[in-house]
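Enquirer:
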Amino acid sequence: MQDIRDALTPENLAMLEVIAEEGSFAAAARKLGLVPSALTYRVRQIEDALDVLLFDRSARQARPTEAGAELLREGRRLLQDIDAVAHRVRRVATGWEPQLTISVDGVISPHTMLELVEAFYAMSPPTRLKLCDGIMSGTLEALTSGRADLAIGVGALGPAVAGLQQMPLGSQRFIYVVAPHHPLAQATEPIADAVLRGHRAIAVADSALRGGLTMGLLGGQDVFTVDSMQAKIQAQLRGLGGGFLPESMVRPYLEAGRLVERKVARPERLVSLHYAWGGPGFTVPGRALQWWLEQLHSPTTRRALLENHHHF
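Residue numbers for the sequence shown, in my numbering: 336 to 647.
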């Protein structure tokens, strides 16, 4: 019996397609420049390898069986995939990466990111794009561990890593907010740490795989931990606790009266954010990474990534 992989070659799949289109073995043989017996022999080899009948030969017409129709459907898809792979390989040879993974911190505007993705895809690049969520040190760790090619919204830059390059993205002001029905909404300002400690804090889990950071928490305080900035906002809207959030993210809720800002005794938190790329073994950025770095060079884009949270 012929091996299945030897039977399902692109050439054989294309031949089966011609038989289905022409409606008979004789007509297909003429179109392919084969003698009918050679064509019939090749079809029998494929049928033997798969152990199925592909064409109903009871009539003068060569009608595909159910199994034959399924093979023709899948064969068309496989031939398209082969064409697509060839196209992608040719494009990658021109300097495009096969895949670009971007680690995006939870404080970055998803709307602006998707606008950038839209502009990237408008060029019809061969590069597959993958966005992954990061929180605090995990945003950078995805880059330094090789799981991402670009990190946007890096706060603490941590230890120096060979080949790592970084540029400032801008500053994000974090303010302490609670729901209007939360007890701290009526507390005397500035609210001391001793008072805050008596109320639950909402925290976002650091996405680092090892030894993540915690920010704004007090020893002995009850903590409800969630895995995204959006989940933290929702928890605070429900009055489940208080905590620091980026002012640009909560501005619409403050304006609508669904959250209130409270002054606390600790200093205001202004966090400097960066974007980073490179790392161990990094040489020259491919064309996809170059495109993203060019976009991030624009002050307007950087500002939108930090401010554009107002889409409803």
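Backbone N, C-alpha and C fix where the C-beta goes; we use that ideal spot for every residue, glycine too.
Give the straight-line distance between the Cα atoms of Glu642 and Ile417, rounded to the nearest whole angstrom.
Expert: Residue 642 sits at position 307 when you count from the first residue of the sequence shown. Residue 417 sits at position 82 when you count from the first residue of the sequence shown. Roughly 43 Å separates the two Cα atoms.
Enquirer: Pair every Cβ in the stretch 499-510 with every Cβ in the stretch 612-626, then say whether three or more of these pairs are closer than 8 Å.
Expert: Yes, they touch.
Enquirer: Can the beta-carbon of Leu624 be found closer than 8 Å to that of Asp484?
Expert: As a first step, residue 624 is located in the sequence shown; it is residue number 289 there, counting from the start. As a first step, residue 484 is located in the sequence shown; it is residue number 149 there, counting from the start. It is a contact, given that the beta carbons lie within the stated cut-off.
Enquirer: Return the CA-CA distance between Ala639 and Ala404, expressed in angstroms with no decimal places.
Expert: Position 304 of the sequence shown, counted from the start, is the residue given in the question as residue 639. Position 69 of the sequence shown, counted from the start, is the residue given in the question as residue 404. Near 51 Å, if we compare the C-alpha coordinates of Ala404 and Ala639.
Enquirer: Is the beta carbon of Gly649 sitting closer than 8 Å to the one on Ala477?
Expert: With the chain running from 336 to 647 in the structure shown, residue 649 is simply not present.
Enquirer: On the DSSP letters alone, give me the boundaries of the beta strand (DSSP E) that His609 sits inside.
Expert: Residue mapping note: residue 609 aligns to position 274 of the sequence shown, counting from 1. That run of the beta strand (DSSP E) goes 604-613.
Enquirer: Taking the beta strand (DSSP E) that Val512 falls in, what are its first and last residues?
Expert: Residue 512 sits at position 177 when you count from the first residue of the sequence shown. Here the beta strand (DSSP E) through Val512 covers 499-513.
Enquirer: Cutting at 8 Å between CB atoms, please list the residues of its own chain near Lys465, excluding the five before and the five after it.
Expert: As a first step, residue 465 must be located in the sequence shown, where it is residue number 130. If we look at Lys465 and ignore the five residues flanking it on each side, its Cβ neighbours are Gln434, Leu435, Thr436, Ile437.
Enquirer: Would you kindly work out how many angstroms separate the C-alpha atoms of Gln569 and Tyr588, rounded to a whole number?
Expert: Translated into positions along the sequence shown, residue 569 becomes position 234. Translated into positions along the sequence shown, residue 588 becomes position 253. Approximately 11 Å, taken between the alpha carbons.
Enquirer: Can you tell me where the beta strand (DSSP E) with Ile487 in it begins and where it stops?
Expert: Translated into the one-based positions of the sequence shown, residue 487 becomes position 152. Looking at the DSSP string, the run of the beta strand (DSSP E) that includes Ile487 is 485-489.
Enquirer: Hey, Pro399 and Ala349: beta-carbon distance below 8 Å or not?
Expert: For the purposes of this step, residue 399 is identified with residue 64 of the sequence shown, where counting begins at 1. For the purposes of this step, residue 349 is identified with residue 14 of the sequence shown, where counting begins at 1. No; because the gap between Cβ atoms is not below 8 Å, this pair is not in contact.
Enquirer: Just the C-alpha distance for Val512 and Gln571, rounded to the nearest angstrom, thanks.
Expert: If you number the sequence shown from 1, residue 512 lands on position 177. If you number the sequence shown from 1, residue 571 lands on position 236. Near 8 Å, if we compare the C-alpha coordinates of Gln571 and Val512.
Enquirer: The alpha helix (DSSP H) that contains Gln380, what's its start and end?
Expert: Within the sequence shown, the letter at position 45 stands for residue 380. First-last of the alpha helix (DSSP H) with Gln380: 371-385.
Enquirer: Quick check on DSSP: helix, strand or coil for Thr436?
Expert: Taking the sequence shown and counting its residues from 1, the one referred to as residue 436 is at position 101. Correct three-state label for Thr436: strand.
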